[in-house]
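Asks:
Numbering (the working numbering), first residue to last: 4 to 366.
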């Protein structure tokens, strides 16, 4: 039986489902986590393992991972972060050949003077780079990663039941305007929230009765101060962090993702599941998520006027909004539901096992 060790930062709701799917496919899986420790039992059967690998220089953590690899004797090690991948490559030195899969979920610049980047991207020790979008895959191709080393599918799967009313306790904000537009983001300049505030000002100047809800951390109150400067503070509600955010999202008439840089925003997947129309910037993996405008409005980043026009099209055209809701739900079921994603993990691991056997027969 094929053995797979999956190392993730934290336990996810999807992991128990994935463990079951792998078992049914004849794949023995062990899940290891490097951050946090949840009480209780997520899995039936083999319980997860807890590791502590805090940095590249965490010798004790790497030694504990080396012991775990020798104990489990996996054919494949799946690494959810760059640190975990670096630690696995080092821990596996001198051990029998194993396939290493590295999950790359963000578009970041690489530094080949960094030992971790060199080991991961240039040493040849990683068999497959699992990317969550074509945008991430394209970034890897630019640094020499071959198509045969790339697998593209979401890193985690979701359940439609997660997004049903009553499945979690959540805040519901009563609206005070005809239309409510919202964003879910912790404040950083790259999130482009100032452009959303400016777009809201344009809409108010055009006579639209709107309010803006922003869910996320803004410790310095930057968004509120900017809203004061443009004169719409009375139309802005900053809720602070809410987990999960979708009970508030369900009160939105439109979700806006005004980012200047992104990879594959989870909030768009949540909007699809909740049937909320999306207006977003044409950056990173967002265009492919929205099927290049078929499932939502796309605008260029940093353009408040274009953002306002796109929001207005969604709010003032019920037919367009209904189309985006239907398309979003279709994409959620086709691409992001747990069963679909788990099947792709099974296919990836089976492919690696087959390649390993084919390689062994040559010698």
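In this text, a Cβ means the ideal position worked out from N, Cα and C, and glycines have one as well. These figures come from a predicted structure and were not determined experimentally.
Mind pulling the beta strand (DSSP E) runs of 3 or more residues that sit fully within the stretch 59-112?
Replies: Correct list: 79-82, 102-107.
Asks: Could you tell me the boundaries of the alpha helix (DSSP H) in which residue 124 lies?
Replies: For the purposes of this step, residue 124 is taken as the residue at position 121 of the chain shown. Residue 124 -> alpha helix (DSSP H) spans 118-125.
Asks: With three or more C-beta pairs closer than 8 Å as the rule, is the stretch 307-315 touching the stretch 188-203?
Replies: These segments touch.
Asks: Would you list the residues sitting across from residue 257 in a DSSP beta bridge?
Replies: The residue you call residue 257 lines up with position 254 of the chain shown. DSSP lists 184 as partners of residue 257.
Asks: State the DSSP-derived secondary structure class of residue 264, mapped to helix, strand or coil.
Replies: Within the chain shown, numbered from 1, the residue matching residue 264 stands at position 261. Residue 264 falls in the coil class under three-state DSSP.
Asks: With H, G and I counted as helix, E and B as strand and the rest as coil, what does DSSP make of residue 45?
Replies: As a working note, residue 45 is residue 42 in the chain shown. Its pLDDT being 44, under 50, residue 45 is placed unreliably by the model, and the measurement read from it follows with that caveat. Residue 45 falls in the coil class under three-state DSSP.
Asks: Residue range of the alpha helix (DSSP H) that residue 272 falls in?
Replies: Walking along the chain shown from the start, residue 272 turns up at place 269. Note, residue 272: alpha helix (DSSP H), 269-277.
Asks: Quick one: give me the first and last residue of the beta strand (DSSP E) that residue 11 is part of.
Replies: As a first step, residue 11 is located in the chain shown; it is residue number 8 there, counting from the start. Taken as a continuous stretch (DSSP letters only), the beta strand (DSSP E) holding residue 11 covers 5-11.
Asks: So who's on the other strand from residue 36, going by DSSP bridges?
Replies: By one-based count along the chain shown, residue 36 stands at place 33. DSSP lists 11, 53 as partners of residue 36.
Asks: Could you give the residue range of the beta strand (DSSP E) that holds residue 301?
Replies: Here residue 301 refers to the residue found at position 298 when the chain shown is read from its first residue. Note, residue 301: beta strand (DSSP E), 300-302.
Asks: Inspect the beta-carbon positions of residue 72 and residue 6 and report whether they are closer than 8 Å.
Replies: The residue labelled residue 72 in the question sits at position 69 within the chain shown. The residue labelled residue 6 in the question sits at position 3 within the chain shown. The answer is no: Cβ separation not under 8 Å.
Asks: Can you round the beta-carbon distance between residue 139 and residue 104 to whole angstroms, since I take them to be within the 8 Å contact cut?
Replies: Stepping through the chain shown from its first residue, residue 139 is reached at position 136. Stepping through the chain shown from its first residue, residue 104 is reached at position 101. Incorrect: roughly 14 Å between the Cβ atoms, too far for contact.
Asks: Can you look up residue 200 in the DSSP assignment and give me helix, strand or coil?
Replies: Here residue 200 refers to the residue found at position 197 of the chain shown. Correct three-state label for residue 200: helix.
Asks: Which residues mark the beginning and the end of the beta strand (DSSP E) in which residue 243 is found?
Replies: For the purposes of this step, residue 243 is taken as residue 240 along the chain shown, with counting starting at 1. Its beta strand (DSSP E) spans residues 239-243.
Asks: Once you ignore the five residues that flank residue 59 on each side, which residues in its own chain have a CB closer than 8 Å to its CB?
Replies: On the chain shown, residue 59 is found 56 positions in, with the first residue counted as 1. The residues are 86, 89, 90, 118, 119.
Asks: Tell me, please, whether the stretch 178-187 touches the stretch 237-256 by the rule of three or more beta-carbon pairs shorter than 8 Å.
Replies: Enough Cβ pairs lie closer than 8 Å, so yes.
Asks: For the putative contact between residue 285 and residue 304, defined by C-beta atoms under 8 Å, what is the C-beta separation to the nearest angstrom?
Replies: Here residue 285 refers to the residue found at position 282 of the chain shown. Here residue 304 refers to the residue found at position 301 of the chain shown. 7 Å between Cβ atoms; contact.
Asks: Given residue 266, which residues of its chain have a CB within under 8 Å of its CB, disregarding the five upstream and five downstream residues?
Replies: The residue given as residue 266 occupies position 263 in the chain shown. Closer than 8 Å at Cβ, skipping near neighbours: 108, 109, 110, 135, 136, 138, 139, 287, 288.
Asks: Could you tell me the alpha carbon to alpha carbon distance between residue 17 and residue 160, rounded to whole angstroms?
Replies: Numbered from 1 along the chain shown, position 14 holds the residue referred to as residue 17. Numbered from 1 along the chain shown, position 157 holds the residue referred to as residue 160. Rounded to whole angstroms, residue 17 to residue 160 spans 6 Å at the Cα level.
Asks: Could you pull out every residue in the same chain whose Cβ sits closer than 8 Å to the Cβ of residue 340, ignoring the five residues on either side in sequence?
Replies: The count along the chain shown starts at 1 and reaches residue 340 at position 337. So the qualifying residues of the chain are 160, 161, 162, 163.
Asks: If you run the structure through DSSP and keep just helix, strand and coil, what is residue 159?
Replies: Mapped onto the chain shown, residue 159 falls at position 156. Of the three classes helix, strand and coil, the one that applies to residue 159 here is coil, per DSSP.
Asks: Excluding the five sequence neighbours on either side, which residues of its own chain have a C-beta within less than 8 Å of the C-beta of residue 324, listed in chain order?
Replies: Taking the chain shown and counting its residues from 1, the one referred to as residue 324 is at position 321. Excluding positions up to five away in sequence, the list reads 256, 257, 280, 317, 318.
Asks: Mind reading off the beta-carbon distance from residue 260 to residue 245? Whole number of angstroms is fine, and I expect it under 8 Å.
Replies: Translated into positions along the chain shown, residue 260 becomes position 257. Translated into positions along the chain shown, residue 245 becomes position 242. Rounded, the Cβ-Cβ distance is 17 Å, inconsistent with contact.
Asks: Taking just the CA atoms, how far does residue 21 sit from residue 46?
Replies: Here the question's residue 46 lines up with position 43 in the chain shown. Here the question's residue 21 lines up with position 18 in the chain shown. Reliability of the predicted coordinates at residue 46 is poor, the pLDDT of 47 falling under 50, and the value obtained from them is presented with this limitation in mind. Rounded to the nearest angstrom, the two C-alpha atoms are 10 Å apart.
Asks: Taking the beta carbon of residue 295 as the centre, do at least 16 other beta carbons fall within 10 Å, making it buried, or is it exposed?
Replies: Mapped onto the chain shown, residue 295 falls at position 292. Counting Cβ neighbours within 10 Å, residue 295 comes out exposed, since fewer than 16 surround it.
Asks: Between residue 239 and residue 227, how many whole angstroms is the CB-CB distance? I'm expecting something under 8 Å.
Replies: By one-based count along the chain shown, residue 239 stands at place 236. By one-based count along the chain shown, residue 227 stands at place 224. That pair is a contact at about 7 Å.
Asks: Name, in chain order, the residues that DSSP records as bridge partners for residue 340.
Replies: In the chain shown, residue 340 corresponds to position 337, counting from 1. Answer by DSSP bridge pairing, in chain order: 161.
Asks: Where does residue 297 sit, in a helix, a strand or coil, going by DSSP?
Replies: In the chain shown, counting from the first residue as 1, residue 297 sits at position 294. Coil at residue 297, not helix or strand.
Asks: Do you know whose CA, among 127, 166, 113, 155, lies nearest residue 145's CA?
Replies: Counted from its first residue, the chain shown places residue 145 at position 142. Of the candidates 127, 166, 113, 155, the one whose C-alpha sits nearest the C-alpha of residue 145 is 113.
Asks: Which same chain residues end up closer than 8 Å to residue 65 when comparing Cβ atoms and leaving out the 5 residues on each side of it in sequence?
Replies: As a working note, residue 65 is residue 62 in the chain shown. These residues qualify, in order along the chain: 56, 90, 93, 94.
Asks: Which of the three DSSP states is assigned to residue 324 in this structure?
Replies: Locating residue 324 in the chain shown gives position 321, where the first residue counts as 1. Residue 324 falls in the helix class under three-state DSSP.
Asks: Count the other CB atoms within 10 Å of the CB of residue 98; is the residue buried (16 or more) or exposed (fewer)?
Replies: Numbered from 1 along the chain shown, position 95 holds the residue referred to as residue 98. So residue 98 counts as exposed.
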